[in-house]
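**Q** Please see the structure below; I have some questions.
Numbering (this note's numbering), first residue to last: 308 to 533.
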């Protein structure tokens with residue numbers, strides 16, 4: 308189960324590379340349409356199902372659950388609900404992989420109530436969680452345990468710089484579609500702000516592996532299997 312399809316890239320990769328059977332959900336009609344078309348083109352419609360369901364309405368249980376940078380849209384008031392739903396969707400031996408953009412624990416209370424350029428103009432209403440906020444919710448509302456974390460913040464500073472370069476390599480086409488220069492300036496500011504934020508560790512990004520009680524590790528490996 309994938310919560311937050313995006314444009315379908317992860318679901319396609321999991322099915323094509325590892326033979327996974329994937330159920331993925333998004334509340335974006337545009338992303339669902341795009342992902343469904345790409346999955347059909349890849350000949351993987353028998354392995355990947357794209358739903359248009361809110362994660363709170365999902366049913367069934369799954370061996371694995373993954374969510375990549377969707378939790379930022381949940382909002383701090385709903386972290387408990389999000390993790391409770393994730394725990395409910397996993398089998399007793401299940402694993403959850405989570406990727407999240409975060410703020411340092413010391414800045415979380417301030418971030419929750421502060422209007423910024425990004426949560427006003429780029430991702431309206433979004434709220435970056437902190438490690439402590441997520442782990443507290445997980446401990447209160449689930450039987451999941453954190454078994455591994457990777458901090459990839461330094462990679463993301465370079466990623467944002469490359470995204471900005473790619474954006475401007477297509478600037479002539481972009482300005483034909485969106486001629487208002489404020490559009491391109493807004494995205495340049497977004498890429499630059501995020502690059503600086505990751506470089507200075509005012510924001511971070513982590514990959515978290517969470518395990519249900521009956522999940523067991525492969526001997527000699529960090530990764531867990533059900």
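Built from N, CA and C at the ideal position, the CB exists for glycine as well.
(1) Does residue 394 come out as helix, strand or coil in the three-state DSSP assignment?
(2) Going by beta carbon distance, what residues of the same chain come within less than 6 Å of residue 497, once the five residues before and after it are set aside?
(3) Looking at residue 329: is its Cβ nearer than 9 Å to the Cβ of residue 406?
(4) When the Cα atoms are used, what is the spatial distance from residue 533 to residue 371?
(5) Using the three-state DSSP reduction, which class does residue 403 fall into: helix, strand or coil?
(6) Should residue 422 go down as buried or exposed, given a rule of 16 or more other Cβ atoms within 10 Å for buried?
(7) Exposed or buried, which one is residue 531 when buried takes at least 16 other CB atoms within 10 Å?
(8) Let me make sure I understand the geometry here. Which of 501, 502 and 475 has the alpha-carbon closest to that of residue 490?
(9) Between residue 444 and residue 403, is the Cβ-Cβ spacing less than 9 Å?
(10) Quick check: what's the CA-CA separation for residue 432 versus residue 426?
(11) List the endpoints of the continuous alpha helix (DSSP H) containing residue 475.
(12) What's the C-alpha gap between residue 388 and residue 318?
(13) Alpha carbon to alpha carbon, how far is residue 369 from residue 526? Give it in angstroms, no decimals.
(14) Near residue 494, which residues of its chain fall below 7 Å by C-beta distance, leaving aside the five closest residues on each side in sequence?
(15) Between residue 403 and chain C, is any beta-carbon pair separated by less than 9 Å?
(16) Count Cβ pairs between the segment 453 to 467 and the segment 514 to 521 that sit closer than 8 Å; are there 3 or more?
(17) Give the DSSP-derived three-state secondary structure of residue 344 in the structure shown.
(18) Measuring only the C-alpha atoms, how far is residue 366 from residue 309?
(19) Check residue 373 in the structure and name its three-state DSSP category.
(20) Quick one: what's got a C-beta closer than 6 Å to residue 356's C-beta in the same chain, skipping five residues either side?
(21) Do you know offhand how far residue 411's Cα is from residue 509's?
(22) Would you give the residue range spanned by the alpha helix (DSSP H) that residue 518 belongs to?
(23) Do residue 506 and residue 461 come within 9 Å of each other at the CB atom, strictly closer than that value?
(24) Can the beta-carbon of residue 418 be found closer than 9 Å to that of residue 397?
**A** The structure says:
(1) Taking the first residue of the chain shown as position 1, residue 394 is located at position 87. DSSP places residue 394 in helix when its eight states are reduced to three.
(2) Translated into positions along the chain shown, residue 497 becomes position 190. Around residue 497: 429.
(3) The count along the chain shown starts at 1 and reaches residue 329 at position 22. The count along the chain shown starts at 1 and reaches residue 406 at position 99. Taking 9 Å as the Cβ cut-off, residue 329 and residue 406 do not qualify as a contacting pair.
(4) Looking up residue 533 in the chain shown gives position 226. Looking up residue 371 in the chain shown gives position 64. Any answer about residue 533 is weak, because its pLDDT of 46 lies below 50 and its placement is not dependable; what the coordinates show is given next. When rounded, the distance between both Cα atoms is 8 Å.
(5) In the chain shown, the residue the question calls residue 403 occupies position 96. Strand, per DSSP.
(6) Indexing the chain shown from 1 puts residue 422 at position 115. Answer is exposed; the Cβ neighbour count stays below 16.
(7) On the chain shown, position 224 is the one that residue 531 refers to. Any answer about residue 531 is weak, because its pLDDT of 48 lies below 50 and its placement is not dependable; what the coordinates show is given next. Counting the other CB atoms within 10 Å of its CB gives residue 531 a total of 16 or more, which places it among the buried residues.
(8) One-based indexing of the chain shown puts residue 490 at position 183. Closest option to residue 490, Cα to Cα, is 475.
(9) Counting from 1 along the chain shown, the entry for residue 444 is found at position 137. Counting from 1 along the chain shown, the entry for residue 403 is found at position 96. Not a contact, by the Cβ cut-off of 9 Å.
(10) Taking the chain shown and counting its residues from 1, one reaches residue 432 at position 125. Taking the chain shown and counting its residues from 1, one reaches residue 426 at position 119. Taking the straight line joining both Cα atoms gives about 6 Å.
(11) Walking along the chain shown from the start, residue 475 turns up at place 168. First-last of the alpha helix (DSSP H) with residue 475: 460 to 476.
(12) As a position in the chain shown, residue 388 is number 81, starting the count at 1. As a position in the chain shown, residue 318 is number 11, starting the count at 1. Going from the Cα of residue 388 to the Cα of residue 318 covers about 24 Å.
(13) The residue given as residue 526 occupies position 219 in the chain shown. The residue given as residue 369 occupies position 62 in the chain shown. Residue confidence is low: residue 526 scores 48 on pLDDT, short of 50, so the model does not pin down where it sits. Its coordinate-derived value is still stated next. It is roughly 23 Å from the alpha-carbon of residue 526 to the alpha-carbon of residue 369.
(14) What you label residue 494 is simply residue 187 of the chain shown in a count that begins at 1. The beta carbon of residue 494 is closer than 7 Å to those of 474 in its chain, skipping five residues each way along the sequence.
(15) Absent from the structure is chain C; it holds one protein chain and no more.
(16) In this structure the segment 453 to 467 lies against the segment 514 to 521, because at least three pairs of beta carbons, one per stretch, are closer than 8 Å.
(17) Residue mapping note: residue 344 aligns to position 37 of the chain shown, counting from 1. Annotated three-state conformation of residue 344 is helix, per DSSP.
(18) In the chain shown, the residue the question calls residue 366 occupies position 59. In the chain shown, the residue the question calls residue 309 occupies position 2. Cα to Cα, the separation comes out at about 13 Å.
(19) Along the chain shown, one-based indexing puts residue 373 at 66. The answer is strand: DSSP assigns residue 373 an E or B state.
(20) Counted from its first residue, the chain shown places residue 356 at position 49. So the qualifying residues of the chain are 330.
(21) Residue mapping note: residue 411 aligns to position 104 of the chain shown, counting from 1. Residue mapping note: residue 509 aligns to position 202 of the chain shown, counting from 1. CA-to-CA, the gap between residue 411 and residue 509 works out to about 7 Å.
(22) Translated into positions along the chain shown, residue 518 becomes position 211. Not the alpha helix (DSSP H): residue 518 falls in the beta strand (DSSP E), residues 511 to 518.
(23) For this step, residue 461 is matched to residue 154 along the chain shown. For this step, residue 506 is matched to residue 199 along the chain shown. Yes; because the gap between Cβ atoms is below 9 Å, this pair is in contact.
(24) By 1-based counting over the chain shown, the position of residue 418 is 111. By 1-based counting over the chain shown, the position of residue 397 is 90. Taking 9 Å as the cut-off, the beta carbon of residue 418 is found no closer than this to the beta carbon of residue 397.
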